[in-house]
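Start counting the sequence shown at 3; every next residue gets the next number (the working numbering). Cβ atoms here follow ideal geometry from the backbone N, Cα and C, with glycine treated the same way. Notes to accompany the following structure.
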Amino acid sequence: MDRARALRAASAVRRLAGPGPVLKGVCALSTEPAPNFSFAVRLGRVAVILANFPCYDDIVSSLPAAAGLPGVDQIEAATDRLLAADARVTARPCGVSRAGHPLRCLEVGDGPLRAVLLGLPHPDEGIGELVLAHLIAVLLSTDLSERLGFRFSIVRVGDPDGARLNEPWFGRPADLATYVLSAYRPAAGDDPEWSFPVSCKRYAFTRPLPETAAIMSVVDREPTDCFMALHSSSFCGAHFYLSDDDETLRSDLLATIDAAGLPRHLGEPEAPYVERLGEAVYRQFGLSAEYDYLAGCGIDAAAVLESGTSSADYAATAWDAFSLIAEAPLFSTPMIADRGGSGVTRHAARLAGIEREQEHVDWLKARFPEVAARLVAESPWLRAARSYLIAAKTDLKAERARLGGDPTMATEATVAELVDSVQLRELGALRPLGQFAAMVRADPVAAADPVLAAYADEAEQRARERLPLLAAEAAVEPVPLRRAAQLQLAALLCALDCVRERFRPRRPRRRRAAAANER
Numbered sequence: 003m004d005r006a007r008a009l010r011a012a013s014a015v016r017r018l019a020g021p022g023p024v025l026k027g028v029c030a031l032s033t034e035p036a037p038n039f040s041f042a043v044r045l046g047r048v049a050v051i052l053a054n055f056p057c058y059d060d061i062v063s064s065l066p067a068a069a070g071l072p073g074v075d076q077i078e079a080a081t082d083r084l085l086a087a088d089a090r091v092t093a094r095p096c097g098v099s100r101a102g103h104p105l106r107c108l109e110v111g112d113g114p115l116r117a118v119l120l121g122l123p124h125p126d127e128g129i130g131e132l133v134l135a136h137l138i139a140v141l142l143s144t145d146l147s148e149r150l151g152f153r154f155s156i157v158r159v160g161d162p163d164g165a166r167l168n169e170p171w172f173g174r175p176a177d178l179a180t181y182v183l184s185a186y187r188p189a190a191g192d193d194p195e196w197s198f199p200v201s202c203k204r205y206a207f208t209r210p211l212p213e214t215a216a217i218m219s220v221v222d223r224e225p226t227d228c229f230m231a232l233h234s235s236s237f238c239g240a241h242f243y244l245s246d247d248d249e250t251l252r253s254d255l256l257a258t259i260d261a262a263g264l265p266r267h268l269g270e271p272e273a274p275y276v277e278r279l280g281e282a283v284y285r286q287f288g289l290s291a292e293y294d295y296l297a298g299c300g301i302d303a304a305a306v307l308e309s310g311t312s313s314a315d316y317a318a319t320a321w322d323a324f325s326l327i328a329e330a331p332l333f334s335t336p337m338i339a340d341r342g343g344s345g346v347t348r349h350a351a352r353l354a355g356i357e358r359e360q361e362h363v364d365w366l367k368a369r370f371p372e373v374a375a376r377l378v379a380e381s382p383w384l385r386a387a388r389s390y391l392i393a394a395k396t397d398l399k400a401e402r403a404r405l406g407g408d409p410t411m412a413t414e415a416t417v418a419e420l421v422d423s424v425q426l427r428e429l430g431a432l433r434p435l436g437q438f439a440a441m442v443r444a445d446p447v448a449a450a451d452p453v454l455a456a457y458a459d460e461a462e463q464r465a466r467e468r469l470p471l472l473a474a475e476a477a478v479e480p481v482p483l484r485r486a487a488q489l490q491l492a493a494l495l496c497a498l499d500c501v502r503e504r505f506r507p508r509r510p511r512r513r514r515a516a517a518a519n520e521r
């Protein structure tokens, strides 16, 4: 990645935002040479020998390549074969999804400590299944469980109903347009990962979804020392969330990024209220952080929130469990690790990204009422589109309010922060266009209604026109699935060592009631 391309990306902000006042005076670009990038390769293009992973390198390096992500039936069939072939793996029923799909918890390994692992915590985040399949095989063929000192409770599919809606792109995860136009992310009230009970000031959520209740039963059954929901991301660099800071672990996690040949995420945090612990490492957050952020922006959080807290937050509250999230991206860019100056303030970059998303929100908002009135089915896609528009109204208002009072926004944005704030943000904002089109096409009357068909075509065309421009300006490329899965597996193994050697000796297990009373 050369400096000229980074400068072209910065120049593109003016073109993307248009000639209006948003970026007036933001044309001066830095001509200082950029520092060397901290990662090894251009994603997916050059085969190189990468560095060793910081621990258990043989196990991580043996994780096989994959051309696509398995669907729900493939995962369940693999589980059935596993149970039939090896009595050392047992399965406990833990619940049933809203559509009637049984959820099972696999028990494997033997150790004094317990780790709970959750695959497909969001239904569009399937990289973790590649990790779980390999990990289970290794646990059964080596002494890894003994070396780690952990036994494992594993739910391979946290949201089977939502995962089925994502299967059309699971076989083509490297195709940007297919992903953006096919990915399903549930509405706030439909998302098991954010439906765990929580009480915060004037707000309480006490209605866990059936899938959420299933995960709760796994966590609650016996003390949990380490919890990992195997999340993944769309458009960013590799980064992590930790429930508790540990300097040695942070160093190991950065080494896993470099060993996987992925760029570190040096852009903006996922949300304005996220606390940065170190480079590409953030503190794990729950609903209370969002509540306080909204309240600080002058918004009645209790009136607008619709969800519960996360699985990691629940496990930490229940057992003082150490939690790790390894955000492995599906698509990334070397620019996300560029610390060089962009010549643009963070305020201007963030505002340009807000305006870009607002344009797409306005487009959807203008068409949604007419389209929704013509539909006859209350589909998950419809609820997702409606929920996005409601949330975007609050989130964009809050973000604008925060920008005006944050003095750090006056500093110069790095290339990483600029690209993250503008191009990568807009790529994420195109996903709701795909959900809008899918909402239309999923309805029984869509095929016979030319008006609906025209709206779906218009949404898809709008996304297809923006995708190649944004991808080219930001040098976005698909991340090889194997590298993303290796990142997650290596991070998990480092975290398990941390829990065994430092976290649990320092913070012995506590009863659930005692832990809950402290939060």
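- Val453 is classed as exposed because its beta carbon has fewer than 16 other beta carbons within 10 Å across all chains shown.
- Sequence-distant partners of Glu419 (beyond 5 residues in either direction) whose C-beta falls short of 7 Å from its own C-beta, in its chain, are Gly269, Glu270, Arg348 and Ala351.
- Annotated three-state conformation of Val378 is coil, per DSSP.
- Apart from sequence neighbours up to five positions away, the residues of its chain that approach Arg511 with a beta-carbon distance below 8 Å are Pro225, Asp227, Trp321 and Asp322, ordered along the chain.
- With fewer than 16 other CB atoms across the displayed protein chains lying within 10 angstroms of its CB, Ala368 is exposed.
- The alpha carbon of Pro104 has as its nearest neighbour, out of Phe324, Cys299, Pro446 and Glu213, the alpha carbon of Glu213.
- Tyr293 sits close to Ala303, with the two beta carbons spaced by under 7 Å.
- Within the region 340 to 377, the runs of beta strand (DSSP E) at least 3 residues long that lie entirely inside it are, in chain order, 343 to 347.
- Taking every protein chain shown into account, the CB of Gln463 has fewer than 16 other CB atoms within 10 angstroms, so this residue is exposed.
- For His136, no beta strand (DSSP E) encloses it; the enclosing alpha helix (DSSP H) starts and ends at Ile129 to Ser143.
- As for any alpha helix (DSSP H) of minimum length 4 sitting wholly inside the region 260 to 318, the runs are 289 to 298 and 303 to 306, ordered along the chain.
- For Tyr181, the uninterrupted alpha helix (DSSP H) run begins and ends at Leu178 to Ser184, by DSSP.
- For Ile301, the closest C-alpha among the options Thr335, Lys399 and Leu134 is that of Lys399.
- For Gly343, the closest of Ala403, Cys57 and Thr413 by C-alpha to C-alpha distance is Thr413.
- Contact between Val133 and Ala487 is confirmed by a C-beta separation of about 5 Å, below the 8 Å threshold.
- DSSP, reduced to helix, strand and coil, places Thr250 within a helical segment of the structure shown.
- Secondary structure at Ala323: coil, using DSSP grouped into helix, strand and coil.
- Looking at Trp171, Gly113, Phe333 and Asp163, the one whose alpha-carbon comes closest to that of Ser99 is Asp163.
- For Leu167, no beta strand (DSSP E) encloses it; the enclosing alpha helix (DSSP H) starts and ends at Pro162 to Phe172.
- The alpha helix (DSSP H) runs lying completely inside the region 82 to 118 and spanning 4 residues or more number zero.
- Sorting Leu494, Val373, Arg508 and Asp364 by C-alpha distance to the C-alpha of Ala330 places Leu494 at the top.
- DSSP places Val200 inside the beta strand (DSSP E), whose first and last residues are Val200 to Cys202.
- According to DSSP, residue pairing for Val157 in a beta bridge involves Leu120.
- Residue Val200 holds the alpha-carbon nearest to the alpha-carbon of Leu289 among Ala101, Asp222, Pro56 and Val200.
- Cβ contact annotation for Ser381 (same chain, cutoff 6 Å, sequence separation greater than five): Ala444, in chain order.
- By the Cβ-count criterion, Ala261 is buried, with 16 or more other Cβ atoms from all chains shown falling within 10 Å of its own Cβ.
- The three-state reading of DSSP puts Cys57 in coil, since its state is none of H, G, I, E or B.
- Here the C-alpha atom of Leu332 lies approximately 6 Å from the C-alpha atom of Pro480.
- The three-state secondary structure of Ser423, taken from DSSP, is helix.
- Membership of Met218 in any beta strand (DSSP E) is not indicated; the residue belongs instead to the alpha helix (DSSP H) covering Pro212 to Arg223.
- Here Arg468 is buried, its C-beta having at least 16 other C-beta atoms within 10 Å.
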